[in-house]
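To keep things clear, I will list the structure first and then write my remarks on it.
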Amino acid sequence: MWRDESTTWQVAHRPAGQLVDLLGHVDAVHGLYYGVMHAVFAAFPLPGDAGGPGLWALRLPSVAGTALAAGGVAAAAHRLAGPRAALAAGTVYVLLPPVQMYGQEGRSYALVAAAVAWATYLMLRRWWAAYAVVLLAGCWLHEFAALALLAHGRCAWRARGWRWAAGAVAAGLLPLAVVSAGQAGRQLGWLGRPGWQDWAAYGVLVGAVVLLARGECRARGRVPDVVRVAVPLALLPPGLLMAVSLVHPWYVDRYVLYALAGFALLAGVRVAGARPVRGAGFRRWLPWVLGAALLVPVGVWSAWLRTPESRKDDVLAVAAAVREGARPGDAVLFMPARRREWLLSSPGVYAGLRDVALAGPPAASHTLHGTELPPDGVREALLSSPRVTALLDPVGRPLDPYPAEAVKRDTLAAAFDRCSVTEVRGARVAVYARRGGCG
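Residue numbering for the sequence shown follows this note's numbering, starting at 1 and increasing by one per position.
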């Protein structure tokens, strides 16, 4: 379980009143999802720390969301090109590694993708009231799902029903947009502009979509409906968000995971419509050989996604290292403060330590990670502690320049000896003692 999942765990376990208070200050964009998870954890109460059976409850909605999304992609493909295309498109969707990644993660993105996939099907059926309800639910799960509305508009704007539905979605999303706009600095301030890897990945997606669309147009002798529907859905949401992020850095690929439904639609219809290659020998079997060869890296990637190494960190491994190295009553220090998330989902470990820099606990301060003492208070608290267990980022990560973080580093360097360091996935757990106290 990595730190984003840990956030889901600890926030969704808060009482309903504290959850509402938090959303008024930060993370309103995930409010509906936290409400869903609050209900899930109420239905499946699991005492103690995160991990074990608790991970099933944490991730079950995402598993269900991925299955629903695959069903929505298949339903849209069936409407566009028949049952063979439905089977192929649904299969392509669940084989995509990013889909598998977020299908096993306790965050909202798989559920958002399910809402967009089924909204696409409802658009094709012209069931506008249902379309508005489903897409609005997706937008309240994560408001960047509203970019799917623009993709749908590319092929449905002439329909009066769609225009009414789009207006209803925009009006229904407005309250969340107003609240989250005020939280954008705290919510997305950690993001930078898209890097070359992001642009390269988008270029690969564009190339694949263009090739598939051209092949389908040549096979049909015209521009078929699947191209009109799938190409905007696959390309517009990530492309628009990346363009906006050149000014306001808001892009993360998982925010537009649902765009892969467009790629799966196009690829599934293309695969289902492929004709056998005439001739004998290797040329006849070449498409099958190429298809099998593509499955090899997908299979390797899929297996890797099921390991802790596929995530930025492992909060359960961090908690285990703290449990092993710390003594009851030790001071604990998070460097930077947002890494408090590493222990918040393991209250059994966290409760046995003294969080010396903490001024206001997360729930009481209506924040995700709590508030900390001013720099002088942090220094004084550290100097009164004989032993400190410090949770740090891996070597090479940029150091936070804030005064309180600088004081933590300077005080440990000036008054403490480092007794041990344990490296775990995405983190370091270091034990410090006052000069001469390591023995």
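Every residue gets a Cβ at the ideal spot worked out from N, C-alpha and C, and that includes glycine.
CYS217 sits in a helix when the DSSP states are folded into three classes. Straight across, the Cα-Cα distance linking TYR251 with PRO237 is about 10 angstroms.
Here ASP417 is bridged, per DSSP, to ALA433.
Just measuring C-alpha positions, the residue of GLY360, LYS312, GLU143 and LEU412 sitting nearest SER385 is LEU412.
Put simply, the segment 226-236 does not touch the segment 57-68. Fewer than three CB pairs are less than 8 angstroms apart.
Across the structure, ARG270 and ALA86 are spaced so that their CA atoms are roughly 11 angstroms apart. ALA170 sits in a helix when the DSSP states are folded into three classes. Contact check between the segment 65-76 and the segment 97-111: three or more CB pairs, one atom from each, fall below 8 angstroms, which counts as touching. Collapsing the DSSP output to three states places GLU405 in a helix. Nearest Cα to HIS142 within the set SER302, LEU176 and GLY161: LEU176. Contact check for LYS408 against LEU333 passes: the beta carbons are separated by less than 8 angstroms. Boundaries around VAL388 are those of the beta strand (DSSP E), 387-392, since no alpha helix (DSSP H) includes it. Proximity of the segment 25-37 to the segment 132-152 meets the contact definition, three or more beta-carbon pairs being nearer than 8 angstroms.
Under DSSP, the beta-bridge partners assigned to THR371 are GLY360.
In terms of Cβ geometry, VAL169 and ALA130 do not form a close pair [threshold 8 angstroms].
In the three-state scheme derived from DSSP, where H, G and I count as helix and E and B as strand, VAL395 is classed as coil. Taking the C-beta atoms as reference points, LEU399 is found no nearer than 8 angstroms to ARG428. Beta-bridge analysis with DSSP links VAL332 to ASP355 and THR389. By the C-beta density criterion, LEU382 is buried, having at least 16 other C-beta atoms within 10 angstroms. Boundaries of the alpha helix (DSSP H) harbouring LEU141: 128-141, taken from the DSSP string. In this structure, DSSP gives VAL252 a state outside helix and strand, which the three-state scheme calls coil.
When only Cα atoms are considered, PRO249 and ARG160 end up about 34 angstroms apart. Non-local beta-carbon contacts of PRO194 in its own chain, meaning distances under 7 angstroms to residues more than five positions away in sequence, involve MET242, SER245 and TYR251 in chain order. If you look at ASP313, you'll find it isn't in any alpha helix (DSSP H); DSSP assigns it neither H nor E. Pairing THR7 with GLU372 gives a Cβ-Cβ distance that is not under 8 angstroms. Listed as beta-bridge partners of THR422 by DSSP are VAL429. If one requires a minimum length of 4 residues, the alpha helix (DSSP H) runs lying completely within the segment 198-244 are 225-244, in chain order. Judged by pairs of C-beta atoms under 8 angstroms, the segment 294-314 does not touch the segment 343-358, as fewer than three such pairs exist.
By the Cβ test, the segment 366-380 is not in contact with the segment 323-331, since fewer than three Cβ pairs between them sit closer than 8 angstroms. Of the residues assessed, ALA43 falls on the exposed side of the cut-off, its CB having fewer than 16 other CB atoms within 10 angstroms. Annotation: the continuous alpha helix (DSSP H) that includes TRP56 extends over 53-81.
Secondary structure at TRP196: helix, using DSSP grouped into helix, strand and coil. TYR102: member of the alpha helix (DSSP H) spanning 97-103, first to last residue.
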